[in-house]
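Accompanying notes for the structure given below.
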Amino acid sequence: MNQETVLNQIKAIILPYIQNNNDKIRFGSQAYPDVGQIGIERISSEKISEYIEISIDETCSLHNLMLDLQKCQDFSPEPWTHFQAIVYRSGHIDWQLANIPYEDNWISLDMRGISELTWTEADAHRIPYDIWKKKSKQYISEHDRFYQELLSVFERNMERVGWTVLFRGSMIQGQPQYEAFAIEADGTFHPQALELKKSQHLRLPKLLRQMQKSKLYPQPWTHFECRLGFMIPFEFQVSRHPETEPSENHHV
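Sequential numbering from 111 applies to the sequence shown in this note's numbering.
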């Protein structure tokens, strides 16, 4: 189907919903081969928007037409999967296109992927934290920074090949309490807390305060635990406990 035919069929579905000369129709959402959704609203000259419920047949037709439009010459120099369009009574259409890979898509997100969101934004769209953190560019970059800084703090405690540091504690009212333990390569846990140097105690409080303020982790949190090693995935686990139950760990 050529581009002109596709656009004319889109207009044939949309234009009947324009009631007044100054009205316009905004529609858009997602266009994946097997998954798609269309949202349509009428915007009056007073900029009052009104959701329009269209038939299932019209929804399916629009979805298929958008898939056809992806292949048309003027719409195919760059791939795209999300779109927003403003249709005027004259038949003119303003287009906005975005390429959001299907694996980065979320049903309530338009023109953006999960990877672009902060945790606050993801939470507002009811995106599970575990899904967000796997995809978020912010999480991956900042998560790696925190990991590298913690690793540099405890590097001297991991001098033996394969050893891991278990680091845990709390942050209550801005005051850090923490302790660290050694775990051997075979999993043997040393119950005697590591004796940290003054330089380590100087760096950890500031870093932990930054991590508590970060939007990477569910807010608010008071307790944390992580394992640090050169050959293991870094996972900073947080939880919230009543402030009446402070940790009895080292207090800085």
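Built from N, CA and C at the ideal position, the CB exists for glycine as well.
Rounded to whole angstroms, what is the Cα-Cα separation between residue i and residue j?
i: Y198; j: P238; result: 38 angstroms
i: I241; j: E259; result: 24 angstroms
i: E265; j: G284; result: 25 angstroms
i: I342; j: I250; result: 16 angstroms
i: N174; j: R222; result: 21 angstroms
i: E252; j: L317; result: 12 angstroms
i: E160; j: S280; result: 49 angstroms
Around the C-beta of residue i, are 16 or more other C-beta atoms found within 10 angstroms, so that it is buried, or is it exposed?
i: V145; result: exposed
i: D129; result: For the record, residue 129 in the displayed sequence is Gln; it is not Asp. Looking at its Cβ environment, which holds fewer than 16 other Cβ atoms inside 10 Å, Q129 is exposed.
i: Q347; result: exposed
i: R152; result: buried
i: Y288; result: buried
i: A292; result: buried
i: P363; result: Since the first residue of the chain shown is 111 and the last is 362, residue 363 is not available in this structure.
i: G272; result: exposed
i: Y327; result: buried
Helix or strand or just coil, what does DSSP make of residue i?
i: Q347; result: strand
i: F340; result: coil
i: S324; result: coil
i: H360; result: Confidence at H360 is low in this model, with a pLDDT of 47, below 50, so the placement of that residue is unreliable and no value is reported for it.
i: Y142; result: coil
i: Q381; result: Since the first residue shown for the chain is 111 and the last is 362, residue 381 is missing from the structure and cannot be characterised.
i: I128; result: coil
i: S280; result: strand
i: P315; result: helix
i: E305; result: coil
Just to confirm my understanding: we take residue i, look at its own chain, exclude 5 residues before and 5 after, and list those with CB closer than 7 angstroms. What are they?
i: G138; result: G149, F193, Q194, A195, D220
i: S171; result: I123
i: K382; result: What is shown of the chain runs 111 to 362, which leaves residue 382 out entirely.
i: W216; result: I224, H235, I237
Could you pull out every residue in the same chain whose Cβ sits closer than 8 angstroms to the Cβ of residue i, ignoring the five residues on either side in sequence?
i: Q113; result: L179, C182, Q183, D184, F185
Which residues in the same chain as residue i place their Cβ atom closer than 6 angstroms to its Cβ, once the five residues preceding and following it in sequence are excluded?
i: S262; result: none
i: I210; result: T191, H192, G223
i: T230; result: K325
Q: Could you pull out every unbroken alpha helix (DSSP H) segment of at least 4 residues lying fully inside the region 199–262, listed in chain order?
A: 229–234, 239–245
Q. Curious, which full-length alpha helix (DSSP H) runs of at least 4 residues does the region 137–183 contain?
A. 166–179
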